[in-house]
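Student:
Residue numbers (the working numbering): 13 to 162.
Put into structure tokens, the structure is as follows:
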């Protein structure tokens, strides 16, 4: 049986700031992120299974990514918890804003790595995460591949 890759795309809006950065991204700003999630596996061969012929039901993959990433990060502001931005984060939280504190600089590179771990932890045992592509603009993106991280 062949291994097949399945990809689902997602969009969400997230703000962040890069503490200590020497350019404009040191300021709080946001992106319309696009996340492409590709998993790999073999289609189900059991003809009595309602998902016969599928590697994974797109709706099952959607549920995982929405719960772990989209619903958490959409319209949130992300700050590194180990920087002075914590003061701004606390102020925003007190005013009812959705703030996420992470233990890394919230670059696309670090976010895609974080997302990969969250998604891998939720996938069925017979399905592997193949790759992620996180676009922060139409021309700028970070990619994570399982083959680069084994």
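Where a beta carbon is used, it is the ideal one built from N, C-alpha and C, also for glycine.
These numbers come from a predicted model, not from an experiment.
(1) What does the alpha-carbon distance come out to for the pair residue 28 and residue 61?
(2) Buried or exposed: residue 148, going by 16 or more other Cβ atoms within 10 Å of its Cβ?
(3) Should residue 33 be labelled buried (16 or more other beta-carbon atoms within 10 Å of its own) or exposed?
(4) To which residues of the same chain is residue 157 closer than 6 angstroms at the C-beta, ignoring the five residues directly before and after it?
(5) Please return the same chain residues whose Cβ sits closer than 7 angstroms to the Cβ of residue 134, not counting the five positions on each side in sequence.
(6) Measure the Cβ-Cβ separation of residue 145 and residue 48 and say whether it is below 8 angstroms.
(7) Return yes when the Cβ of residue 97 is within less than 8 angstroms of the Cβ of residue 31, no when it is not.
(8) Could you please give me the residues that DSSP links to residue 21 through a beta bridge?
(9) From 99, 118, 132, 90, pick the residue whose C-alpha is nearest to that of residue 52; which is it?
(10) When burial is assigned at 16 or more other CB atoms within 10 Å of the CB, is residue 19 buried or exposed?
(11) With a threshold of 7 angstroms on Cβ separation, who are the neighbours of residue 115 within its own chain once the five nearest residues in sequence on each side are excluded?
(12) Would you mind working out which of 50, 160, 43 sits nearest residue 150, comparing C-alpha positions?
(13) Residue ranges of each beta strand (DSSP E) run of no fewer than 3 residues wholly in the region 97–135, ordered along the chain?
Tutor: Taking the structure as given:
(1) As a working note, residue 28 is residue 16 in the chain shown. As a working note, residue 61 is residue 49 in the chain shown. Answer to the nearest angstrom: the Cα atoms are 44 angstroms apart.
(2) Locating residue 148 in the chain shown gives position 136, where the first residue counts as 1. Looking at its Cβ environment, which holds 16 or more other Cβ atoms inside 10 Å, residue 148 is buried.
(3) The sequence position of residue 33 within the chain shown is 21, counting from 1. It is exposed - the Cβ of residue 33 has fewer than 16 other Cβ atoms within 10 Å.
(4) Taking the chain shown and counting its residues from 1, the one referred to as residue 157 is at position 145. Spatial neighbours of residue 157 in its own chain (CB-CB distance under 6 angstroms, excluding positions within 5 residues in sequence) are listed in chain order as 143.
(5) For the purposes of this step, residue 134 is taken as residue 122 along the chain shown, with counting starting at 1. Answer for residue 134: 76, 80, listed in chain order.
(6) Counted from its first residue, the chain shown places residue 145 at position 133. Counted from its first residue, the chain shown places residue 48 at position 36. Contact flag set, yes.
(7) On the chain shown, position 19 is the one that residue 31 refers to. On the chain shown, position 85 is the one that residue 97 refers to. Contact: yes.
(8) Counting from 1 along the chain shown, the entry for residue 21 is found at position 9. Partner(s): 48.
(9) To locate residue 52, count along the chain shown from 1; it is residue 40. For residue 52, the nearest C-alpha among the options comes from 132.
(10) Walking along the chain shown from the start, residue 19 turns up at place 7. Classification of residue 19: exposed, given that the 10 Å Cβ count is below 16.
(11) Along the chain shown, one-based indexing puts residue 115 at 103. So the list reads 93, 94, once near-sequence residues are dropped.
(12) Position 138 of the chain shown holds residue 150. Considering only alpha carbons, the answer is 43.
(13) List check, beta strand (DSSP E) in window: 111–114.
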